[in-house]
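Protein chains: 2
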Amino acid sequence: MPAGQYRVKGTADERAQAREQLRAELLAAARAAAAEGGGFENVTMRAVADRVGYTAPIVYQSFANKRALLLGVVDVGFAELADRLDAARGAVDAEAGMLPAVAAAYWEFAAADPHLYRLMHNLPDVPFGTPDAPPSAIRCFEVLKDTVRTAAPGHPATAYDDDAAADLLWAHLHGLVSLTLEGRIKGGPARGRDLLTELTAAFASARATP
Amino acid sequence: MPAGQYRVKGTADERAQAREQLRAELLAAARAAAAEGGGFENVTMRAVADRVGYTAPIVYQSFANKRALLLGVVDVGFAELADRLDAARGAVDAEAGMLPAVAAAYWEFAAADPHLYRLMHNLPDVPFGTPDAPPSAIRCFEVLKDTVRTAAPGHPATAYDDDAAADLLWAHLHGLVSLTLEGRIKGGPARGRDLLTELTAAFASARATP
DNA sequence: CTCATTTTCTAACGATGTTAGACAACTCTG
DNA sequence: CAGAGTTGTCTAACATCGTTAGAAAATGAG
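Top line first, the protein sequences correspond to chains A and B.
By our numbering, the letter at position 106 of the first sequence is numbered 106, and the numbering carries on one by one without gaps.
By our numbering, the letter at position 62 of the second sequence is numbered 62, and the numbering carries on one by one without gaps.
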């Protein structure tokens, strides 16, 4: 292909819009490359560009560097997770069923795209406590907070501070999911999934010692 | 340095022993390089070799490739963790204090060398459920099992199978430690440490719902 | 003292992230 | 509708990385 075959023609507005679409395609391409190549460590700028029919330098028009690309994927991932958690919370009739439902949605998200889940939790230096944390991640945490508030209001950690129980729930979920994903749980994903049920039951019934 | 200045002279036995020591020095060098360079992803074969006064190809005499070197570091890490957990379990008088003590040792291990902790839990495809799991990692889990058996015998998950409660404890510890290490817990390590206390209290007092 | 072995290095390969610079294709202005 | 200017895209290159081959030097053994 001789340099300079335009993909997109039209007014300046149309092209700005096309650049946004290219950005989204690059994010999807990175995800697909990770799924096929066994993790985001093996994702290559050239491979990502190839997947959308371009050469490597194209990526640098939408992202400053590889880390920025991966940060974009992380953001997409948290948005997707927040949507699923929210949907699971909404599709529940009895309050008691809310905690297992949200936990199940969390589990299924990780199982559906383990590489994405790993990236979301292992990429270094993603801002989280700070104000410039990804809004999608904050949304995830809000769902967890609400879940704890309605489905496990008596958890002993609420005595520490308002968010403590939600933090612990997140830690419990992430710990079990993460260990299972890395093959650290004897019995594999099947038993890991059963342990998740035990986990939610124990969390919901935890009370301060009399 | 003109090629071929021997470091070690002496009989064949002396040199075999020296090769083992070089192996250990390389493992330590990798750890040091990770500590200074911000993670094992930035550890370079050349840097590791440099640190022990050699050039890169030397590493391949002790390790088949970079992954083998990192696996060696993981093994050393689990051995160290097992020692610390074991020591914490032993240095406790009342049975009730055992769970917090072991959890504290776990926490301090991760805090002392976060990069090592991350490597131990994030390096892909480390065998764990299988018979060729690192014995050091199995030792870690044995201590956790014993801790649960004596300090939280009534945990509801024990109804599922004998190891379930220990698996959950491991997941709880790892989840909180991991989220804190990655800056995912609002309030940072200080609050994370407090949440660990809440976690152990909740775990110890968990009982099946009547 | 000679020789075979062992240790260590230099040099190189392909792949990677990233940048600079060239050039062609397009839009816009007159 | 013609030229100018902008913008999209590529090729080529750089430094660095993991890794390997092969040469050269130093040593222990006979």
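Idealized CB from N, CA, C, for every residue including glycine.
Distances from the alpha-carbon of residue 49/B to those of 62/B, 39/B, 38/B put 62/B closest. Residues of the stretch 97-131 of chain A that bring their beta carbon within less than 8 Å of a beta carbon in chain B comprise 118, 121, 122, 124, 125, 126, 127, 128, 129, in sequence order. Taking the C-beta atoms as reference points, residue 172/B is found no nearer than 8 Å to residue 141/B. Among the residues facing chain A, residue 138/B is not included, as its CB has no counterpart in that chain under 8 Å away. Closest by C-alpha distance to residue 162/A, out of 31/B, 37/B, 102/B, 195/B, is 195/B. When DSSP states are grouped into helix, strand and coil, residue 77/A belongs to the helix group. Annotation for residue 5/B: no alpha helix (DSSP H) segment contains it, and DSSP assigns it neither H nor E. From the listed residues 34/B, 51/B, 179/B, the smallest Cα separation to residue 73/B is found for 34/B. Out of 128/B, 124/B, 114/B, 130/B, the CA that lies nearest to the CA of residue 124/A is found in 114/B.
With a 10 Å radius around the Cβ and a threshold of 16 neighbouring Cβ atoms, residue 167/A comes out buried. For the stretch 26-51 of chain A, the beta-carbon criterion of a distance under 7 Å to any beta-carbon of chain B is satisfied by 39.
In the three-state reduction of the DSSP assignment, residue 145/B falls in the helix class. Going by DSSP, residue 103/A is part of the alpha helix (DSSP H) stretching over 98-112. The C-beta of residue 146/B comes no closer than 8 Å to any C-beta of chain A. Residue environment analysis places residue 134/A among the buried positions, since at least 16 neighbouring C-beta atoms fall within 10 angstroms of its C-beta.
In the DSSP assignment, residue 36/B falls within the unbroken alpha helix (DSSP H) covering 12-37. Assignment of residue 134/B by DSSP, reduced to helix, strand and coil, places it in the coil class. Taken in chain order, the members of the stretch 142-170 of chain A whose beta-carbon sits within less than 9 Å of a beta-carbon on chain B are 155, 156, 157, 159, 160, 161, 163, 164, 165, 167, 168, 170.
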